[in-house]
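>
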Amino acid sequence: MAKEVTKKDGVKEPFDAEKIKKAIAAAAGQADLSEERQNEVVEQISKNVIQMADAKEEITTAEIREKILSELDRTEPPISAAWRKYDEDK
């Protein structure tokens, strides 16, 4: 499993699966979906991202973001749209 995540600025920090879940949940909260569906999406997508990270020693935030967005595009486009809007606004 990836033990470290390399951020955009090159800083490395320990891999934290909870951060992935929180980020997906934050985007899901902006989409007009039931709480039950939001929870399903968070669990499903985070599981897939964590499985990808399991196959690597190190992973970048860009790889994590790309995997999350591709999974969201496939399963819940409104959530990926909310994520992208947040990225644009910050």
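Under the working numbering, the sequence shown is numbered contiguously, ending at residue 81. Glycine is no exception: its CB is placed at the ideal position from the N, C-alpha and C atoms. As the structure is a prediction and not an experimental result, all values here were calculated from the model.
Counting Cβ pairs, one atom from each stretch, are 3 or more of them under 8 Å apart for the region 46 to 55 and the region 67 to 75?
Taking 8 Å as the limit for Cβ pairs, the verdict is that the region 67 to 75 does not touch the region 46 to 55.
> With contact counted as at least three CB pairs below 8 Å, one residue from each stretch, are the region 26 to 42 and the region 58 to 74 in contact?
They touch, by the three-pair rule.
> Residue 54 lies in the alpha helix (DSSP H); which residues open and close that run?
From DSSP, the alpha helix (DSSP H) with residue 54 extends over 52 to 66.
> Only counting the same chain, and skipping five residues up and downstream in sequence, which positions put a Cβ closer than 6 Å to that of residue -2?
The answer, listed in chain order, is 52.
> What is the DSSP secondary structure of residue 3, counted as helix, strand or coil?
DSSP places residue 3 in strand when its eight states are reduced to three.
> On a Cα-Cα basis, can you pick out the residue from 56, 24, 30 and 20 that is closest to residue -4?
Checked all of 56, 24, 30 and 20; the closest Cα to residue -4 is 56.
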